[in-house]
Amino acid sequence: MNIYDTANRLAQELKQSEEYVNYKMAKESLSLNPDLKKKIEEFEAARYDAQVTVMQTGKNDEEKTKKMQELYMKLYEDSDAVKFFEAETKFNIVLADVNKIIGDAVMDVLK
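In case it helps, my numbering puts the sequence shown at residues -5 to 105.
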């Protein structure tokens, strides 16, 4: 069996998974709510900015963290935002698990 065929089958199975389908539907529902989509994008930008600061300086920027937390708390009041974040998290867990399985399988040559 060709490794690329296996990878393509894995990709198709991922696209058929409940986590993928739910995440895709959550993203599509955001397109129907531009205000919520904009708020989520603002939160994601703030989260990214805070993470970059930590990676670059090794320190947490209190102001950036506070801004990110405030945006998140406002979003968490919206059930559609909560559904989106839950779907996103579940799909990201599946991707991380698959990456870990593959990484663990070849770890002996990566050391």
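For every residue, glycine included, the Cβ atom is placed at its ideal position computed from N, Cα and C.
Just so we're clear, the structure is a prediction, and the values are computed from it rather than from any experiment.
Spatially closest choice to residue i from the options, by CA coordinates
{"i": "E22", "options": "R3, R41 and E82", "result": "E82"}
{"i": "A1", "options": "I96, V100 and D102", "result": "I96"}
Distance between beta carbons of residue j and residue i, contact taken as under 8 Å
{"i": "F85", "j": "Y14", "result": "6 Å"}
{"i": "A44", "j": "K53", "result": "With a Cβ gap of about 11 Å, A44 and K53 do not count as contacting."}
{"i": "L69", "j": "K18", "result": "Actually they are not in contact, since the Cβ atoms of L69 and K18 sit about 20 Å apart, beyond 8 Å."}
Span separating the alpha-carbon of residue i from that of residue j
{"i": "S25", "j": "K31", "result": "7 Å"}
{"i": "D98", "j": "A90", "result": "12 Å"}
{"i": "N(-4)", "j": "T47", "result": "42 Å"}
{"i": "V71", "j": "P28", "result": "Rather than Val, the amino acid found at residue 71 in this sequence is Glu. Taking the straight line from one Cα to the other gives about 17 Å."}
{"i": "R41", "j": "I87", "result": "18 Å"}
{"i": "K60", "j": "D102", "result": "42 Å"}
{"i": "A4", "j": "A20", "result": "The amino acid at residue 4 is misidentified as Ala; the sequence shows Leu. Going by the C-alpha atoms only, they are around 22 Å apart."}
{"i": "Q6", "j": "Q50", "result": "37 Å"}
Cβ contact (3+ pairs, closer than 8 Å) linking the segment 53 to 73 and the segment 4 to 12: no
Contact the segment 74 to 88 vs the segment 24 to 37: 3+ CB pairs below 8 Å: Verdict: yes, contact present.
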